[in-house]
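**Q** Residue numbers (the working numbering): 58 to 388. Every residue, glycine too, gets a C-beta built ideally from N, C-alpha and C.
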Ligand code: 8YV
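Structure, rendered in structure tokens:
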């Protein structure tokens, strides 16, 4: 027997997705913001007092958000967007988005993996060389006119053959290891789980890893699961001859402990592309000559940012077309 529903058909999820609006949350690459405006007629989430009125007026119509790891979408914002189906991130990191809340609400989340791996790994190796060989410091020495006045700048350390530990041997961590093989470095790593068949030595904890290397590189994802994974005890294990390099997220390292140990000579130096409270860099770090400080530029090349932009739009287009994502991090 065929039963015919007597209820009036409701608009399908597909219809509402297509009819819905795209919302930009936070600043993005200027050309991406332009495209979202011109080709998608995207709304822009205002900051401050206007936000509540904006969400009351438009919250119901939003089906997709485009954002970055810098801003993200938290659970309270998701609540104000009841039709939201996807959070599309520009960038590989999405630690500012509440993925558990998104899962609960059936909201899919995407990022832009792979396309930035090479540039971030290149930058990490650049930071290792700069920090260990003191390139930035030596350059400051020349510019300050100290060479003729003082003679040679101080000796530094050799990079080739160093023992390097990588926290987070994922795509980026592996690409860093691959590059450092060329410098005949001995590579070991710490991950939540040992990687079957990895050519590198596994350390069961960040402390054990730090205690066995000259250079510790942080390449793990950010978020609550890795907050202060590199704490004071890890930095103490790295020791006065050890260098810390961070290209991941500032949240992974206890920045206060890092500063104290550097100031006390309990670490040899640090190379940092990320900080706890970007774009603010603590004055104590600015005053140190044995640290290299970069303004979160790991993926910041013309080529890579263009590839990230293209993949962000591919994810958005795919979601608007069929409700799926090209590079989902969930579902
Ligand atoms: C970007 C990054 O600078 O991809 C990431 O997670 O940290 C960087 O590549 C950032 O996402 C752009 O906002």
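Work out the CA separation of residue 373 and residue 359 for me, nearest whole Å.
**A** The straight-line gap from Cα to Cα measures roughly 21 Å.
**Q** Where DSSP assigns a beta bridge to residue 245, which residues make up the other side?
**A** In the DSSP output, where bridge partners are listed per residue, residue 245 has 222 and 258.
**Q** Helix, strand or coil, according to DSSP, for residue 133 in the structure here?
**A** The answer is helix: DSSP assigns residue 133 an H, G or I state.
**Q** Measuring straight from C-alpha to C-alpha, what distance separates residue 379 and residue 74?
**A** Going by the C-alpha atoms only, they are around 9 Å apart.
**Q** Using the rule of at least 16 other Cβ atoms within 10 Å of the residue's Cβ for burial, across every protein chain shown, is residue 146 buried or exposed?
**A** With 16 or more Cβ atoms within 10 Å of its Cβ, residue 146 is classed as buried.
**Q** Would you call the segment 307–323 and the segment 272–292 in contact, with 3 or more CB pairs under 8 Å?
**A** Contact between the segment 307–323 and the segment 272–292 is present, because at least three Cβ pairs lie under 8 Å.
**Q** Measure the alpha-carbon distance for residue 182 versus residue 92 and round it to whole angstroms.
**A** Distance between the alpha carbons of residue 182 and residue 92 is about 34 Å.
**Q** With which residues is residue 300 paired in a DSSP beta bridge?
**A** 272 and 326, per the DSSP bridge assignment.
**Q** Using the beta-carbon count (16 or more within 10 Å), is residue 302 buried or exposed?
**A** Residue 302 is buried by the Cβ-count criterion.
**Q** For residue 371 and residue 137, I'd like the C-alpha separation in whole angstroms.
**A** Whole-angstrom Cα-Cα distance: 25 Å.
**Q** Who are the near neighbours of residue 337 in its chain, counting only those whose CB is closer than 8 Å to its CB and skipping five residues on each side?
**A** Nothing listed; no residue qualifies.
**Q** Please tell me whether, using a cut-off of 7 Å, the distance from the CB of residue 148 to the nearest non-hydrogen atom of the ligand 8YV is below it.
**A** Indeed, a heavy atom of the ligand 8YV lies less than 7 Å from the Cβ.
**Q** In terms of residues, what are the limits of the alpha helix (DSSP H) holding residue 369?
**A** Element bounds for residue 369: 359–379.
**Q** Quick check on the burial criterion: 16 or more other C-beta atoms within 10 angstroms. Buried or exposed for residue 60?
**A** Residue placement at residue 60 cannot be trusted, given a pLDDT of 37 that sits under 50; the coordinates are not used to answer.
**Q** Taking 7 Å as the cut-off, does the CB of residue 353 come closer than this to any heavy atom belonging to the ligand 8YV?
**A** Yes, the Cβ of residue 353 comes within 7 Å of a heavy atom of the ligand 8YV.
**Q** Suppose you measure from the CA of residue 240 to the CA of residue 218; what does that come to, to the nearest Å?
**A** Their Cα atoms are separated by approximately 6 Å.
**Q** With the cut-off set at 8 Å, would you say residue 139 and residue 163 are in Cβ contact?
**A** No; because the gap between Cβ atoms is not below 8 Å, this pair is not in contact.
**Q** Within 10 angstroms of the Cβ of residue 388, are there 16 or more other Cβ atoms? Answer buried if so, exposed if not.
**A** Unreliable placement is indicated for residue 388, whose pLDDT of 49 sits below 50; no coordinate value is reported for it.
**Q** Could you tell me which of 278, 306, 284 and 323 sits nearest to residue 300, measuring between CA atoms?
**A** Among 278, 306, 284 and 323, the Cα nearest to that of residue 300 belongs to 323.
**Q** Quick check: does the Cβ of residue 370 come within less than 7 Å of any heavy atom belonging to the ligand 8YV?
**A** Because no heavy atom of the ligand 8YV lies under 7 Å away, the Cβ of residue 370 does not count as near it: no.
**Q** Taking the Cβ atom as the reference point for each residue, do residue 368 and residue 375 lie within a distance shorter than 8 Å?
**A** For residue 368 and residue 375, no; Cβs fall outside 8 Å.
**Q** Are the segment 178–192 and the segment 150–170 touching, with three or more C-beta to C-beta distances below 8 Å?
**A** The answer is no - the segment 150–170 does not touch the segment 178–192, with fewer than three Cβ pairs under 8 Å.
**Q** In terms of residues, what are the limits of the beta strand (DSSP E) holding residue 125?
**A** That run of the beta strand (DSSP E) goes 119–125.
**Q** Flag residue 126 as yes when its Cβ comes closer than 7 Å to any non-hydrogen atom of the ligand 8YV, and as no otherwise.
**A** Residue 126: yes, Cβ under 7 Å from the ligand 8YV.
**Q** Shorter than 7 Å, the distance from the beta carbon of residue 301 to the closest heavy atom of the ligand GDP, or not?
**A** The ligand content of the structure shown is limited to the ligand 8YV, which means the ligand GDP is not among them.
**Q** With the cut-off set at 8 Å, would you say residue 355 and residue 176 are in Cβ contact?
**A** Contact flag set, yes.
**Q** Residue 337 by DSSP, collapsed to three states: which one?
**A** Residue state, collapsed to three classes: strand.
**Q** Apply the 10 Å Cβ neighbour rule to residue 155 and answer buried if 16 or more other Cβ atoms are within range, or exposed otherwise.
**A** Counting Cβ neighbours within 10 Å, residue 155 comes out buried, since at least 16 surround it.
**Q** Taking a contact to mean a Cβ-Cβ separation below 8 Å, would you say residue 127 touches residue 83 in this structure?
**A** In contact: residue 127 and residue 83 (Cβ atoms closer than 8 Å).
**Q** What's the C-alpha gap between residue 121 and residue 227?
**A** In a straight line, the C-alpha of residue 121 is about 28 Å away from that of residue 227.
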